[in-house]
Structures are given as structure tokens and as C-alpha cells.
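Sequential numbering of the sequence shown, starting at 1301, is according to the working numbering. One structure is given here, and the rest of the page talks about it.
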Amino acid sequence: MCFCEKMISIVIPVCNRKNVVKTMIESVLHQEYEEWELILVDDGSVDGTFEMLMEYEKKDNRISLFARNRLPIGAQTCRNIGLEVAKGEFIVFFDSDDYIQPYCLRQRINNMSLYPDVDFLVFPAQEFSEIVGDRQRFWGQIVNDDVLSLLLESYIPISGWTNMYRTNSLKRKGVLWDEKLKSKQDVDFNIQNILKGLRFEYAKGSMVDYFFRVETNKGSVNKMVYTREHFDSHVYFYDKTIKSVHQMYNCKYDNELFILGVYFIIMGHRDDMEYIRSMYNLIKGLSCFGIMNLLLSLYLLLYLKFGFDIKISKVVLLPFYIKRKAFLSWYHSRRFDCN
């Protein structure tokens, strides 16, 4: 089967990225596979980005520019707007400050023809900082058969940009980007895809075709995830995830959900006791017993009851932290091998 004439929709949210979005757009324009539409959705840029995107729209009729016309603000709303207007049989969600190899779209659509029964395929990606190839951290690698388990423990083996989706699969299953979330958007999107029954595979033997810029993508977000606004989003995400997973699998993944709750609690600090209590109240509903609950209870006793310094009481949860850091260090530092 050949998909040589099938259109690919590329959805990219943009906000004040004038200095870096050119790199992504130019890499799209230089794709070996030419049957694509680029849907740029501006999220209220004020630095001249929108005007620059208008010039690109004039130069190539495959490029369409939209301004976000509804609330809430954020990349997740822009991606949904892009999904609504997408005409392609396949769709990808890329970030504005990243880069794709010239063979990216060709590789992805060729692989989709090899997996006619899947709803999306996962492709390899690599981080970079200033120059493509300057960081040896990889994404989209095969780890085990239970990706949902890893996502629930807040490991991120796949992201939005590692995947190519069948547009109709997303629309048929009613999968949307959750516009209430301030962070964890990619994790939530992939969890919902799996819970709603979308079938996927890794594109075995594929080359790295996507490069994810670390500083501009993650730096500001990493600071914001510790704000009150993001804490409210964490509680919402955790509550929603528990309910969604329980509806499909009952208590099968409660250990993973417990670890996810611990991960969120560790993010808290002394001024956010309401946030920590909210997380703990959700964790208490899980069917986890033994040493994990004992450690968490000791942590909360030290911190909430006796007022121990948060850094000291977090030592109690050190085993979970070490396990997470060790796994992430091993996973992302591996040379990519899809075979």
C-alpha cells in the first residue's frame, strides 16, 4: 500500500516565538514529502510573530494561519482549533521552536502504510539545546508493552510530537487536548488515547526525525509548574486520571497512580499545604497498602503534623525519587534502537 498522495496536517501552536519559529517552518518547507498542510494557530503573540507568520502564509498556499478565537489561552486550545480545521488523513502536533529532518514526513507516512490497523505510530526523537545533535537524550524508544503504566508513573516514553495519528481515529474517538490543563498536556493526551482504545505501534527501524528544543520548550514551564495555578491543574489532572483509569481497569494500575501522586506531592512546599492535602485525599482512595503507604503516611506526619522542614521530610520518599531518576537517566541516554 502506498500513501504517496495522502495529505498530512501539521498543527503548530505559536506564541511569541519570532526568533525560533522560522527554524521549524523552514524545516517543514524543505520536506521531501510535499503533500502537507501547515496549520499555524497563534495564541496571542505580541512580538511580531503573527505578522511574520502572515508573510509565510502569503508565500505558500499550503500554509494556513489562524488566530485563537476563544478561551482559554494556551497551546492545548490552539491544537484543538488545528484539529477542527485539519483536512489531512494524517495529523501531527509539532512545537513551534523545534526542528524536523527533511525525511520526517516521508518516513512517517511510509511507515503508516506498513501498519494499516493502527491509529497512531510512535517515532524516535532527540533533544537539542542550540545545535541539532548537541544533546544525547532520546524519546520514542521501545521500553515495554505497557506504555500506560509508564505514563501513569510520570515517565514519558512518548509525547505529542513523537506520534503520527490518523485524523479520523482522533475524531471518531472524540480525543481532544484538555484545555483545562496548564501542564502535563502531552501525558494526558496520550493517556486518553490509550484509554479510549486507540491502537499504536513503534515505527521499528526508523531514524530520529524530530528534534525537541530543551531550553525554550521546558525552561519556563519548569518554573511555572510550581505556581499555585499549576498546582490546581495538577490536582485536576490527577483526579481526572484516577477516575478514567478506574473506569477502564478498576484498581489494576493503583500502584502506578500511587507513585504519580507521590511525584506530585514532592513538588509541594511549606506554603502549599492545601495542595498536599488535596493530593493525599485522592491517594487515600487507592487500593495501595504496605511499605508505600507507610512511607507516605510517615512523610505527611513529619510535615503536616509536626511541621518538619519539607526538605527533611522528603527524605522519607527518597526511594521513589531515586527509582524515577535512575529510570529516566537510563531511558533517555540510550542510543536509539527501534529494532
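Just so it is clear, CB atoms sit at the ideal spot from N, CA and C, and this is done for glycine as well.
Straight-line CA distance for V1475 to A1375?
-> 16 Å
Can you give the beta carbon distance from K1480 to Y1536, rounded, assuming they're within the 8 Å contact cut?
-> Contact holds; Cβ gap of about 6 Å.
Got a sec? Which residues, its chain only, sit under 7 Å from Y1415 by beta carbon, not counting five neighbours each side?
-> L1421, E1501
Relative to the alpha-carbon of G1505, which residue among K1471, Y1580, G1440 has its alpha-carbon at the smallest distance?
-> G1440
Reference E1355, options M1464, T1541, E1326, R1368, closest by Cα | E1326
Beta-carbon spacing of R1472, D1397 below 9 Å | no
From this set, I1583, M1567, E1574, A1386, which residue's C-alpha is nearest L1470's C-alpha?
-> The shortest C-alpha separation from L1470 is found at A1386.
Give every residue of the same chain whose Cβ lies closer than 8 Å to the Cβ of H1330, excluding the five residues on either side of it in the sequence, and list them in chain order.
-> P1402
Measure from the alpha carbon of V1321 to the alpha carbon of each residue in E1332, F1394, K1359, E1389, then state which is nearest.
-> That would be F1394, whose Cα lies nearest to the Cα of V1321.
Assuming I1308 contacts V1392 (C-beta within less than 8 Å), just tell me the rounded distance between them.
-> 7 Å
With burial defined as no fewer than 16 other Cβ atoms inside 10 Å of the residue's Cβ, what is the status of V1436: buried or exposed?
-> It is worth fixing the name first, because residue 1436 is Gln in this sequence and not Val. When all chains shown are included, Q1436 counts as exposed.
Provide the residue(s) that pair with S1364 in DSSP beta bridges, ordered along the chain.
-> I1339
With distances taken between CB atoms, is the gap from R1368 to D1347 smaller than 9 Å?
-> D1347 sits away from R1368, with the two beta carbons spaced by 9 Å or more.
Using 10 angstroms around the beta-carbon of I1373, count the other beta-carbons present and answer buried if the total reaches 16, otherwise exposed.
-> exposed
Neighbourhood of A1503 by C-beta, 6 Å cutoff - its chain only, sequence neighbours within 5 removed = N1411, L1421, F1423
Which residues bound the beta strand (DSSP E) around E1427?
-> 1425–1428
Taking the runs of the alpha helix (DSSP H) that are 4 residues or longer, which of them lie wholly in the region 1526–1570?
-> 1528–1549, 1554–1566
Straight-line CA distance for L1560 to R1406?
-> 37 Å
Anyone know if the C-beta pair for Q1492 and G1460 falls short of 9 Å?
-> no
Whose CA, out of E1453, V1432, K1496, lies closest to the CA of I1510?
-> The amino acid occupying residue 1510 in the given sequence is Tyr; Ile does not appear at that position. For the residues E1453, V1432, K1496, the minimum Cα distance to Y1510 belongs to V1432.
Residues bridged to M1464 [DSSP beta-bridge criterion] = Paired residues: L1421.
For S1413, count neighbouring C-beta atoms within 10 Å of its own C-beta (all shown protein chains included) and say buried if the count is 16 or more, exposed if not.
-> exposed
Using 10 angstroms around the beta-carbon of I1612, count the other beta-carbons present and answer buried if the total reaches 16, otherwise exposed.
-> Confidence at I1612 is low in this model, with a pLDDT of 47, below 50, so the placement of that residue should be treated as unreliable; the coordinate-derived value is given next. When all chains shown are included, I1612 counts as exposed.
M1324 burial status per 10 Å Cβ neighbour count (16 or more: buried) | buried
DSSP three-state assignment for N1316, whether helix, strand or coil | Three-state result, N1316: coil.
Taking Cβ positions, are S1454 and Y1575 nearer each other than 9 Å?
-> No, these two residues do not count as a Cβ contact at 9 Å.
For E1501, which three-state DSSP category applies?
-> Here E1501 sits in strand by DSSP.
Neighbour-count burial assignment, M1579, 16 or more Cβ in a 10 Å radius = buried
Which same chain residues, not among the five before or five after D1445, have their C-beta less than 8 Å away from its C-beta?
-> Excluding residues within five positions, none has a Cβ falling inside 8 Å.
When DSSP labels each residue in this structure, what does Y1403 get in the three-state scheme?
-> coil
Assuming F1438 and V1514 make a contact with CB atoms under 8 Å, what is their CB distance in whole Å?
-> F1438 to V1514, Cβ: 13 Å. No contact.
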